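Undergrad: All the letters of the sequence shown, read from the start, carry residue numbers 7 to 194 under this note's numbering. Structure incoming, see below.
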Amino acid sequence: MFTSAQPRFDANKCKVHLKMLANRFKLLEGKKANLNKQMQRAVAGLLREGKSESARIQTEHIIREDITIEVYEVLRQHVDILIARFAVIISEPEPRKEVQESVCTLIYAGWLLGSEIPELRALHEQFASKYGKPFAEEVTKNSSLYINPRVLKKLQHDIPDPALVDAVRSLDRVGPLWQPNRCELTTQ
């Protein structure tokens, strides 16, 4: 009696979600950048107190958050492309070349980050209904063929390289606040 109708592509909703997502990314970028500044100060304090291992863990977290900010910037650029070329999305049954990478990147990001960003999840569903569930599943399974390589690389949750962690810890923004003791200098 009651059938669950598949969600239909709604161009108006899609455009609204694209604009909301662009604003959400700007907001999240600013928020995470401010938190990173606070965490950098905390790392400097840990290093002054001689808590080197805690500082290393915090630095890894700072690096991951910086990567997340970069991902948000790239995704926002893809959103801006789709807003600018929205007529192409509406008029074509298949994604055309000029919007395909952006559409696929947002489908993948919606699949991966949809629980954190509701607008991204809504766009994932909108594009899946527009281009078909098999297309969305193909994008998520074979992401290296469709997704922006920069986004794909940064969305992989790898532990930051220890050399990068050490380099970030010794940057000028932390360095003047921390003076290594003799034991730390001899062990390196």
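Ideal placement from N, C-alpha and C gives every residue a C-beta, glycine not left out. Since the model is a prediction, treat every value here as computed from it, not as a measurement.
(1) What's the call for Cys189, buried or exposed, on a 16-neighbour Cβ count within 10 Å?
(2) What number of angstroms, rounded off, separates the C-alpha of Pro182 from the C-alpha of Gly56?
(3) Distance check for Ser97 and Tyr114, CA to CA, integer angstroms please.
(4) Residues in its own chain within less than 7 Å of Val80 by CB, not counting five upstream and five downstream?
(5) Can you name, in chain order, every residue of its own chain whose Cβ lies under 7 Å from the Cβ of Lys38, other than the five neighbours on each side?
(6) Residues in the same chain with beta-carbon distance under 7 Å from Val77, minus the five sequence neighbours each way, listed in chain order, please.
(7) Going by alpha carbons, who is nearest to Val105 out of Asp86, Gly116, Gly120 and Trp117?
(8) When the Cα atoms are used, what is the spatial distance from Gln64 to Asn40?
(9) Express the C-alpha separation of Tyr152 and Ala134 in angstroms, rounding to a whole number.
(10) Select from Arg54, Val109, Asn42 and Ser58 the residue whose C-alpha is nearest the C-alpha of His67.
(11) Count the other CB atoms, across all protein chains shown, that sit within 10 Å of the CB of Val22; report buried if there are 16 or more and exposed otherwise.
(12) Please report the residue range of the alpha helix (DSSP H) in which Arg14 lies.
(13) Just to check, is the beta-carbon of Lys147 closer than 7 Å to a non-hydrogen atom of the ligand NAP?
TA: Taking the definition as stated:
(1) Only weak support is given to the placement of Cys189: the predicted model assigns it a pLDDT of 44, under 50, and the value that follows is read from those uncertain coordinates. With fewer than 16 Cβ atoms within 10 Å of its Cβ, Cys189 is classed as exposed.
(2) Because the pLDDT at Pro182 is just 46, under 50, the model does not fix this residue reliably, and the value given afterwards should be weighed accordingly. Cα to Cα, the separation comes out at about 15 Å.
(3) 22 Å
(4) Only Asn154, Arg156 and Val157 meet the Cβ criterion.
(5) Glu71, Thr74 and Ile75
(6) Val157, Lys160 and Leu161
(7) Asp86
(8) 15 Å
(9) Cα to Cα, Ala134 sits roughly 15 Å from Tyr152.
(10) Answer by Cα proximity: Asn42.
(11) exposed
(12) Run containing Arg14: none; DSSP gives neither H nor E here.
(13) The ligand content of the structure shown is nil, which means the ligand NAP is not present either.
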